[in-house]
Amino acid sequence: MSRSLRALGALAAAAALAAGLTGCLAGEDARPAAVVDADGFALNLDWATYNPLSLIVKDQGWLEEAGYEVTWSQSLGSSKANEALRAGAIDFGSTAGSAALLARANGAPQQIVDVVAQPEWSALVVPADSDIDSIEDLRGKTVAAALGTDPYFFLVQALEEAGLSVDDVTVENLIHPDGWAALQAGAVDAWAGLDPIMATAEAAGAQLPYRNLEFNSYSVLNATEQIIAEHPEVVQDVVDAYERARAWALDNPAETAQILADASAIDLAVATKVIDEREGLDVDPVPGDGLAAVLAPIGVIQVGLGDVASQDAVDDALATLFAPQFATAATDR
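According to the working numbering, the residues represented by the sequence shown are 1335 to 1667, in order.
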């Protein structure tokens, strides 16, 4: 059990004892012990430059103001966030929808509790002087991509649309910053990029010869099944903070871009381009049919690649991946 959940459990036990001493009976205006007082509750959340809402929640300190003790950890990609969720290092993690599906289909005890955005955050990136003008030109080339992340599945779908497969290219499994570094160094011919690093690459002269919004899955927030089951009120507080951040971001795009620029160490103009043109924050936060429709074909690809054992595993994952009650409650207020 993570440090955060041990702390939550201890506080819940203390609250339950106090309720017993005062003779409080269930049903008499009682609330679950986990929400008696947020003071001292320890949470482990990630922040990620590909999730601007996480940056706003962190920057504004709303959870800390509410009394939570928050440990923030940076996720450098969906696969890393999934690893941390599975290890219990974080209670909430930022991933692409495709990566969340992959993790769930392989038995990870996590669910999507909030849809962050529908961004165009991935595209094919090549150097300014590259002779690669299309996906077809990738045959026999080396492409950097972080396995298990949205850019990787973007690449796979793009190759399939062009009549190719991953067997027609050499994929170098590199996390997103390293993929851009490898492209700059000439170690790879192309990179399946991710914003805001991709926008930085574009500003530096790199070209995006292939873009397709339909091959970008949603950005989502995941929570461990343990914290969902044992402390749903805490999950609600986090999702409420995320939805507060969404409203703030939509009302304050310039400030949001500045927060992204500072967190990513990128030029403000690049961050502004990401927020204004590619982030897609104005989206329904409730995970449901729209997200499922995007993920279903990606699940088929995951099975075909051998990343998931069977289609049944994908179907089961899609049936259990969403915990929509928190975003629904947040938007109904």
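Where a beta carbon is used, it is the ideal one built from N, C-alpha and C, also for glycine.
For residue i, the residue or residues it bridges with in DSSP
i     : result
A1524 : V1477
V1505 : V1477
S1553 : A1430, A1451
A1376 : E1403
W1381 : Q1408
L1458 : A1526, Y1544
Q1445 : A1557
F1660 : Partner(s): none; F1660 has no beta bridge.
Neighbour-count burial assignment, residue i, 16 or more Cβ in a 10 Å radius
i     : result
T1534 : buried
S1644 : exposed
S1428 : buried
G1411 : buried
R1473 : exposed
A1451 : buried
N1756 : Nothing in the structure corresponds to residue 1756, since the chain is present only between 1335 and 1667.
L1379 : buried
R1580 : buried
A1599 : exposed
A1603 : exposed
A1433 : buried
L1584 : exposed
D1282 : Examination of residue 1282 is not possible in this model, given that the chain is present from 1335 through 1667 alone.
T1590 : buried
G1513 : buried
C-alpha gap between residue i and residue j, whole angstroms
i     : j     : result
Q1659 : G1624 : 16 Å
A1605 : P1530 : 7 Å
A1597 : H1510 : 16 Å
D1610 : L1594 : 12 Å
S1333 : S1551 : This structure leaves residue 1333 out entirely; the chain is present only between 1335 and 1667.
A1492 : A1376 : 42 Å
T1483 : Y1384 : 12 Å
Q1518 : G1401 : 45 Å
T1476 : D1501 : 11 Å
L1435 : P1386 : 21 Å
Q1560 : A1526 : 34 Å
S1456 : Q1636 : 18 Å
A1479 : G1640 : 17 Å
E1454 : L1389 : 18 Å
V1573 : A1563 : 15 Å
F1488 : W1406 : 29 Å
A1575 : V1620 : 14 Å
L1547 : D1373 : 42 Å
Q1592 : V1447 : 27 Å
D1571 : M1532 : 32 Å
T1558 : A1521 : 37 Å
I1424 : A1524 : 32 Å
G1441 : A1663 : 27 Å
N1556 : L1655 : 9 Å
D1393 : W1381 : 10 Å
P1443 : S1553 : 19 Å
D1618 : E1506 : 35 Å
R1578 : V1391 : 8 Å
Any non-hydrogen atom of the ligand ZN closer than 7 Å to residue i Cβ
i     : result
P1658 : Among the components of this structure there are no ligands whatsoever, and the ligand ZN is therefore not found.
### Message
When you compare the stretch 1406 to 1419 with the stretch 1618 to 1634, are there three or more beta-carbon pairs, one atom per stretch, that lie closer than 8 Å?
### Response
Touching, no.
### Query
At which residue ranges does the stretch 1396 to 1441 contain complete beta strand (DSSP E) runs of 3 or more residues, listed in the order of the chain?
1403 to 1408, 1426 to 1430
### Task
Just list the alpha helix (DSSP H) runs in the stretch 1587 to 1643, keeping only unbroken ones of 4 residues or longer that don't cross its boundaries, in chain order.
Runs of the alpha helix (DSSP H) lying entirely within the stretch 1587 to 1643 and spanning at least 4 residues, in chain order: 1587 to 1598, 1602 to 1607, 1623 to 1638.
### Query
Per the contact definition of three or more C-beta pairs closer than 8 Å, is the stretch 1535 to 1548 in contact with the stretch 1443 to 1460?
yes
### Task
Only counting runs of 4 or more residues, tell me where the alpha helix (DSSP H) segments fall wholly within the stretch 1536 to 1583, in order along the chain.
1559 to 1564
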